[in-house]
Amino acid sequence: MPSRTVEKALVLIAALFMVLSASILAIKYTNWRITLLFSHTSTSRLEQTIASYLREFPVKSEIREKAIGILKEYLGKSGVVLKESVSVSARSSSRVKLTLYSGIIYELIVSVSGSCLGTCDIYLKLLDSNYRTAIVKTLTGSSFIMGRYSSLHVNFTLHPIEEEGEFYLELDNSYSILTSKNVYITLRAYYPSYAFNDEHFKVFAIGHWVSMNIKYVSDPLAESEYIAPPSETLRVGAGDCDDYAVLLATLYRSVGLNAVVGLIDTNGDNKVDHATALVYFTGNPPEILKGISKWASVLGIKVGQISYFSADGGVYLIVDPPMATDKNNPWSIDHTPYRLVRIIKPCGISQIGARLNSATTCPQ
């Protein structure tokens, strides 16, 4: 009898142990499921927040006014693209290389000095890349920059038949037997009024302004992830990567550009850890590079490359100040890996970027 009692007690203990083990496993599994669900819900909530910002803020007055204000500010800018002093020996000549773009207004100022008997001058000629005399447009019409000058001050644009690119300012002192000349050259560039509605100008001006004026700062400590409204990022003048992305995308969208937010993997684990603004273009990368380079050149900024993701029928240009090679070029990213995981559009649908995995650079 006692042995049966002991046996029953052991069976009861074993059953209780099994129930307790199953309960512990169930609790652990439930907590794990809750954690995963919370993580997924949190991610979805953040993406929905970004989508709502893209949908709502481009039509808000403070965003559109800021974007238009930036375009007006840059349209009024000018820059010295060349400032050089050249010594030209007697019976010799020299050439100064210029990079000129169609549509941009140039102001050329030249002065000559030296130990001359009387007026010092130089025979000056603007040549194209084939060393032929270039045709320009001035206030008086089509013309050449050619002749003997002791000083010169002329405003010009390239004639439409001229291909933009390399040009040369030839300084000819071969007619002077004994006297060397010092030639002082200043070339200043101005934006034409039509640039205001050019898509590449919009990308350059807004992207450059944000890169130069918004500082990087981490999220508040109390928040695991905080996405500021673009109006707040503008007001405080700082934000983290997703704040940059949202601000840029909404500013671009407010002036008619097709901009979205890309969620990026920078660690190679196929998990989102970064965000960037993406601007869609139907043109090919060399055209985009040329367009941005043209407008950047007015301020003396050289654009060596752009970074982008290929898409059906076009490309997504990356504009990412926190990850850029330098502040003047927020469209140039030099980080590996840099993989597009999802795209967030105003409709709130995140699309898997199956064909948009690796960022590509387009060198000049």
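For my numbering, count along the sequence shown from 1 and bump the result up by 110. For glycine and all other residues, C-beta sits at the position ideal for the given N, C-alpha and C.
What are the residues that DSSP puts in a beta bridge with residue i?
{"i": "ILE219", "result": "HIS263 and THR296"}
{"i": "ILE374", "result": "HIS384 and LEU450"}
{"i": "THR243", "result": "LEU237"}
{"i": "ALA338", "result": "ALA338 pairs with nothing; no bridge assigned."}
{"i": "GLY189", "result": "ALA299"}
{"i": "LYS325", "result": "ALA348"}
{"i": "VAL206", "result": "LEU279"}
{"i": "ALA406", "result": "Paired residues: none, contrary to the question."}
{"i": "SER195", "result": "TYR294"}
{"i": "ILE271", "result": "DSSP output for ILE271 lists no bridge partner at all."}
{"i": "ILE232", "result": "TYR259"}
Judging by CA-CA distance, which residue of the options is the nearest neighbour of residue i?
{"i": "ALA421", "options": "ILE453, LEU409 and ALA299", "result": "ILE453"}
{"i": "ARG183", "options": "LEU268, PHE254, GLY378 and LYS312", "result": "Sequence check: residue 183 is Glu here, not Arg. Closest by alpha carbon: LYS312."}
{"i": "GLY423", "options": "ILE398, MET433, GLY414 and TYR390", "result": "TYR390"}
{"i": "THR250", "options": "ASP238, HIS269, LEU399 and ARG258", "result": "HIS269"}
{"i": "LEU388", "options": "ILE428, ALA338 and THR209", "result": "ILE428"}
{"i": "THR243", "options": "PHE277, SER403, PHE314 and THR296", "result": "PHE277"}
{"i": "GLY179", "options": "SER407, SER364 and GLN415", "result": "SER364"}
{"i": "SER328", "options": "GLY189, MET322 and ALA338", "result": "ALA338"}
{"i": "GLY257", "options": "ILE232, ASN265 and GLU274", "result": "ILE232"}
{"i": "SER284", "options": "SER204, ILE411, TYR163 and ALA315", "result": "SER204"}
{"i": "LEU218", "options": "GLY228, LYS455, VAL206 and THR229", "result": "VAL206"}
{"i": "TRP319", "options": "LYS437, GLU172, GLY186 and LEU237", "result": "LYS437"}
{"i": "GLN158", "options": "LEU373, LYS404 and ASP379", "result": "LEU373"}
{"i": "LEU234", "options": "VAL220, GLU194, LEU208 and GLU166", "result": "VAL220"}
{"i": "ALA305", "options": "GLY401, GLU194 and VAL222", "result": "GLY401"}
{"i": "LEU185", "options": "PHE254, ALA369, ILE316 and SER239", "result": "ILE316"}
{"i": "LEU236", "options": "VAL222, ILE255 and LYS187", "result": "ILE255"}
{"i": "ILE287", "options": "SER162, THR267, CYS230 and GLY213", "result": "CYS230"}
{"i": "TYR163", "options": "ALA369, ASP375 and ILE411", "result": "ALA369"}
Give the DSSP-derived three-state secondary structure of residue i in the structure shown.
{"i": "HIS318", "result": "helix"}
{"i": "THR105", "result": "Residue coverage of the chain in this structure runs from 111 to 474, which leaves residue 105 outside it and unanswerable."}
{"i": "ILE428", "result": "strand"}
{"i": "ARG155", "result": "helix"}
{"i": "ALA200", "result": "coil"}
{"i": "PHE277", "result": "strand"}
{"i": "SER442", "result": "coil"}
{"i": "PHE306", "result": "helix"}
{"i": "ALA434", "result": "strand"}
{"i": "ALA177", "result": "helix"}
{"i": "VAL389", "result": "strand"}
{"i": "THR360", "result": "helix"}
{"i": "THR343", "result": "helix"}
{"i": "SER252", "result": "strand"}
{"i": "GLY257", "result": "strand"}
{"i": "LEU367", "result": "coil"}
{"i": "LEU164", "result": "helix"}
{"i": "ILE398", "result": "helix"}
{"i": "TYR211", "result": "coil"}
{"i": "SER171", "result": "helix"}
{"i": "LYS455", "result": "coil"}
{"i": "ASP379", "result": "coil"}
{"i": "LYS412", "result": "coil"}
If you draw a straight line from the C-alpha of residue i to the C-alpha of residue j, how long is it?
{"i": "GLY393", "j": "CYS226", "result": "54 Å"}
{"i": "TYR426", "j": "TYR301", "result": "26 Å"}
{"i": "HIS150", "j": "LEU156", "result": "Confidence at HIS150 is low in this model, with a pLDDT of 43, below 50, so the placement of that residue is unreliable and no value is reported for it."}
{"i": "SER260", "j": "SER417", "result": "46 Å"}
{"i": "GLU175", "j": "ILE245", "result": "40 Å"}
{"i": "PRO431", "j": "LEU450", "result": "17 Å"}
{"i": "ASN377", "j": "HIS384", "result": "10 Å"}
{"i": "ALA434", "j": "LEU279", "result": "34 Å"}
{"i": "PHE419", "j": "ASN307", "result": "24 Å"}
{"i": "THR386", "j": "VAL371", "result": "6 Å"}
{"i": "GLN415", "j": "VAL382", "result": "25 Å"}
{"i": "LEU367", "j": "ILE215", "result": "26 Å"}
{"i": "SER154", "j": "PRO440", "result": "28 Å"}
{"i": "GLY349", "j": "LYS247", "result": "46 Å"}
{"i": "HIS310", "j": "ALA406", "result": "10 Å"}
{"i": "ILE413", "j": "HIS263", "result": "The sequence as given places Val at residue 413; Ile does not occur at that position. One C-alpha to the other measures close to 29 Å."}
{"i": "LEU192", "j": "LEU409", "result": "11 Å"}
{"i": "SER303", "j": "ILE324", "result": "27 Å"}
{"i": "LEU281", "j": "SER252", "result": "22 Å"}
{"i": "GLU172", "j": "LEU210", "result": "36 Å"}
{"i": "GLU272", "j": "ASP379", "result": "50 Å"}
{"i": "TYR336", "j": "ILE160", "result": "11 Å"}
{"i": "VAL190", "j": "PRO168", "result": "34 Å"}
{"i": "ASP353", "j": "SER403", "result": "26 Å"}
Check whether the Cβ of residue i lies closer than 7 Å to any Cβ atom in chain B.
{"i": "ILE160", "result": "Looking at the structure shown, chain B is missing, and only one protein chain is on hand."}
Sufficient close CB pairs (3 or more, under 8 Å) joining the region 351-363 to the region 394-401: Result no; under three Cβ-Cβ pairs closer than 8 Å.
Contact the region 279-299 vs the region 196-203: 3+ CB pairs below 8 Å: The answer is yes - the region 196-203 touches the region 279-299, with three or more Cβ pairs under 8 Å.
Touching by the beta-carbon criterion (3+ pairs, under 8 Å), the region 433-446 and the region 332-347: Contact check between the region 433-446 and the region 332-347: fewer than three CB pairs, one atom from each, fall below 8 Å, which does not count as touching.
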